Every structure is written in C-alpha cells, then in structure tokens.
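Participant: One structure, pasted below without further comment.
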Amino acid sequence: MIKLDHVTKCFGSLTAVDDLCLEIGEGEIFGFIGPNGAGKSTTMKILACLLRPDSGTASIDGRNVLSDGNRIRRMIGYMPDFLGVYDDLRVDEYLHFFAAAFGIPRKKRKSLIDSVLELTDLTEKRKAMVDSLSRGMQQRLGVARVLIHEPRVLLLDEPASGLDPRARIEMRSLLTELGRMGKVLMVSSHILSELSQMCTSIGIIERGKLLYSGSIEDAYARTATGERIQIVLESFDGAPDPAVFAERVRSDARVMNVSCEGRAVDVELSEGAQGHHFLIEHAVQSGQRIASFTPCKVELEDAFLKLTKGAVQ
Ligand SMILES: Nc1ncnc2c1ncn2[C@@H]1O[C@H](COP(=O)(O)OP(=O)(O)OP(=O)(O)O)[C@@H](O)[C@H]1O
Ligand SMILES: [Mg+2]
C-alpha cells in the first residue's frame, strides 16, 4: 500500500532521508521510530506529496507521489507534527471547513462530521471553540480532521506528542480502532513502548537510514540479550556480604554479567541459559536470604538502543 524505493531527500548538504526502502501492506499499523532529526517527518511529507524526493520513488497504492498527487491526496489523511488550529472556529465549523476543502457535498458533510466526532469522542465538544480545547482534544480533533474524507491510508506524525498518560492511552485505542476499521496506518513516535502495544510492524530510522523494519518480536529477537534478573537480598543480623554472593554468581558460566548495589544484585544470564533456579541455590549456599527475585523482560527501549548502536545483523 505504501512503498518507498531508494528514496533520498537532501536539504543542502544534509541528507535527511538516505536511500530509504520500505513497504507497508494492507491491514498494517506501522510504527515509525527514530530520534529527533532522524528523518521521520521528512519521509511522511514525501508520502503526503508535500516534499519531492531527490531520487527514488515513493508511491501509495501503486501511484507515484510525483505524478499522481491529486489522487493520492484523496486517499490519504496526513496529520502533521504541528497542527494548525484556527482561533475563531468552533469544532464543527472547523470540520465543515475541511470537508468543504475536500469537496464533500454539503448534504453528506453533517453525517460524516457526526461520525468522526463520535469516533474521536468529541461529540460533546462540537460547539466548543477550537482553541479552548485541551491539547489531547486538539490532537483528537486533528485525527478527526484527517478522517473526514474517509481516506484508506493515514500518515500520523507524532499524534501522541505532548499528551499526558491518560490521553496517550485514549489516542492509542483510537488508532487501534482505526486499524480495526481496515485503514493502513503509519504512525511516528520516539516513544517506543507506546507503539509496541498497537503496531503490527515497526521501522527504526536514524540519520535518514532505515536500520530495521519488521515485526516487533523480530526486533526483540535480533537484539536478544540473555534474560535479566534482579535479586534483592534480605538484610538480617549476621547477613553475609552481598559481594561474596555476586562473585560466586559471576563465576558461573551461565551468567554473563553481574552488578551489585547495596543489597540489590542484577544478573544478566548468558544466551541460552536454561532457567534461573540455580541463582537461588547460589544464594542459599552463600548464606543469603532472598527478599525478592524479579525476572525482567528486555524493554523495547533497550532493543531500540541496541539497534541504533548498529547491533543489527
Ligand atoms: N525544510 C528543511 N530545511 C532544512 N533542513 C530540514 C528541513 N526539514 C528537515 N530538515 C532537516 O532534516 C533532518 C530530518 O528532519 P525531520 O524533521 O524529518 O526529523 P524527525 O525524525 O521528524 O525529527 P523529530 O523527531 O524531531 O520530529 C533534520 O536534520 C532537519 O534539521
Ligand atoms: Mg518530526
């Protein structure tokens, strides 16, 4: 549905997007992840027909952004990173304005606006002034606006930026709902954990280059480190020194790394280590009592850092 084929875009001497190849298929919610200045917005603007690539081809549903801009604009909903809202409009007037701009006949506008307001949970705010809405509501209005012409493809540039945790969760469920409705979504963010719960696939971009694209599970697998376990040792009269336990664990071949701070001991197991019960045996044999024993999942952030450090095979 969305295809980038060796797309490059430079601003002066800076290569913002560097030989980028990417495909996003029907039914996908694609998370586009990268740090500031990575080239996410530039890529999305190329797909939205707002910037011309210097070389390579970008297309949506087989149509080239350079030659078929008008068709593509009707097929996509593009939400920029900074949403311009007009001061003197009410929510419904704002949506009427964009519906008119898309050439939707007056008779159809009202029912369409009703349905996007309902979907974005803004029905009660339809008569509110746009600039009086909270940031979260304005972001939802931004989504309502890009839905008004019923596009099949949504390009959403950081829709959750600046939102509080509750508003983020609401935005996430809205986007999941849009995915369920069969829309193809490309959503950018630097907040990885946010995307991990709703995306079917992700792409990681840094300095214009795509470092990874594929499923989240695969991203984890490629960055697989051994399992990590945090053990907190109980403090009691005559408790032995945790460093002795840490040393004992460190010398076990099934362990890759150990760090010890106070009574908390972090253990990283070697890849392929089977189970972690042996740590409990080491503790008992060192005369320690265990206050807590917590296996930690590798976080997406860790995977991301590894991938952007060039750890991709
Ligand atoms: N119109 C422009 N003129 C000159 N340089 C630009 C322009 N737009 C973007 N750039 C540069 O291109 C690079 C990529 O920018 P882009 O906005 O695509 O990054 P981004 O991944 O969206 O970052 P952010 O997370 O901060 O939004 C940056 O170095 C930026 O300074
Ligand atoms: Mg950006």
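Everything in the sequence shown is counted per our numbering, starting at 1327 for the first residue and increasing by one. Quick reminder that beta carbons are idealized off the backbone N, C-alpha and C, glycines included. Remember, predicted model here, so these are calculated numbers, not experimental data.
1. Is M1507 buried or exposed, if buried means 16 or more other CB atoms sit within 10 Å of its CB?
2. Report buried or exposed for Q1639, applying the criterion of at least 16 other Cβ atoms within 10 angstroms of its Cβ.
3. Can you say whether A1545 is buried or exposed, counting buried as having 16 or more other CB atoms within 10 angstroms of its CB?
4. Does the beta-carbon of G1363, which I'm using as the reference point, lie nearer than 6 Å to any heavy atom of ligand 1?
5. For C1336, does the three-state DSSP call read helix, strand or coil?
6. Assuming K1451 and L1438 are in contact, meaning their beta carbons sit under 8 Å apart, how far apart are those beta carbons, in whole angstroms?
7. Taking DSSP's pairing of strands, which residues face R1416 in a bridge?
8. Would you call the stretch 1466–1475 and the stretch 1338–1355 touching, i.e. three or more CB-CB distances under 8 Å?
9. Leaving out the 5 sequence neighbours to the left and right, which residues in its chain are closer than 6 Å to L1379 when beta-carbon positions are compared?
10. Rounded to whole angstroms, what's the CA-CA distance from A1637 to M1455? Just pull it up for me.
11. My output table needs one value for V1591: the three-state DSSP class, helix, strand or coil.
12. Is there at least one non-hydrogen atom of ligand 1 closer than 6 Å to the beta-carbon of K1535?
13. How would you label Y1538, buried or exposed, when you count the other beta carbons within 10 angstroms and need 16 or more for buried?
14. Quick check on DSSP: helix, strand or coil for F1571?
15. Taking all protein chains shown into account, decide if Y1412 is buried (16 or more other Cβ within 10 angstroms of its Cβ) or exposed.
16. Measuring only from the beta carbon, is T1341 closer than 6 Å to any heavy atom that is part of ligand 1?
Facilitator: Reading off the structure:
1. exposed
2. Its pLDDT being 35, under 50, Q1639 is placed unreliably in this model, and the value from its coordinates should be taken loosely. Result: exposed.
3. buried
4. yes
5. strand
6. Their Cβ separation, rounded to whole angstroms, is 17 Å, which puts K1451 and L1438 out of contact at 8 Å.
7. M1455
8. no
9. Before going further, note that residue 1379 is Pro rather than Leu in the sequence given. So the list reads V1333, K1335 and I1372, once near-sequence residues are dropped.
10. The predicted position of A1637 is uncertain, since its pLDDT is 42 and thus under 50; a value taken from the coordinates is nonetheless stated next. Going from the Cα of A1637 to the Cα of M1455 covers about 49 Å.
11. strand
12. no
13. buried
14. helix
15. exposed
16. no
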